[in-house]
Amino acid sequence: MLHDRVLVRQDGGEGERRSSAGIVIPATASVGRRLSWATAVGIGPNVRSIAVGDRVLFDPDDRSEVELHGREYVLLRERDVHAVAASRVESDGTGLYL
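Our numbering applies: residue 12 is where the sequence shown begins, and numbers increase by one.
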């Protein structure tokens, strides 16, 4: 990985999903702009806020897809990540992480 790039693997498919009440929502349903969660599998040397294994929140419209060894990944810039969920973050932090 070069510069501030982050390689992520999306957690779930973009197919149908279930609501909290158990209702199945088909993939063709029109919804507003929805952010996606993914797991960081590779980072560039200039990435400061993300480590491999962190879950990141990003806009699926601002992405570049790549296929490596038969698996699909998404290539992002660090600035395109909206939030990071990591267990290494302390609870009394500054609120920079989820």
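We put the beta carbon where it would ideally sit given N, CA and C, even for glycine.
None of these values were measured; they are calculated from a predicted model.
Could you check if residue i is buried or exposed, using at least 16 other CB atoms within 10 Å of its CB as the buried criterion?
i	result
A49	buried
A51	buried
V35	exposed
Once the 5 residues before and after residue i are set aside, which same chain residues still bring their CB inside 7 Å of it?
i	result
E83	E76
V63	A51, V52, G53 and I54
L13	G55
Could you tell me whether any non-hydrogen atom of the ligand HEM is closer than 6 Å to the CB of residue i?
i	result
G53	Inclusion of the ligand HEM in the displayed structure is not the case, the ligand content being empty and no account of it being possible.
Are residue i and residue j closer than 7 Å when you measure CB to CB?
i	j	result
E89	D15	yes
L46	L18	no
A97	D65	yes
I54	V95	no
D72	D91	no
Return the bridge partner residues of residue i from the DSSP annotation.
i	result
G53	L18
L68	W48 and A94
E78	E83
Given residue i, which residues of its chain have a CB within under 6 Å of its CB, disregarding the five upstream and five downstream residues?
i	result
L109	Per-residue confidence for L109 stands at a pLDDT of 48, beneath the threshold of 50, marking its modelled position as unreliable; the derived number appears in the next sentence. Excluding sequence neighbours, L109 sits near A94 and A96.
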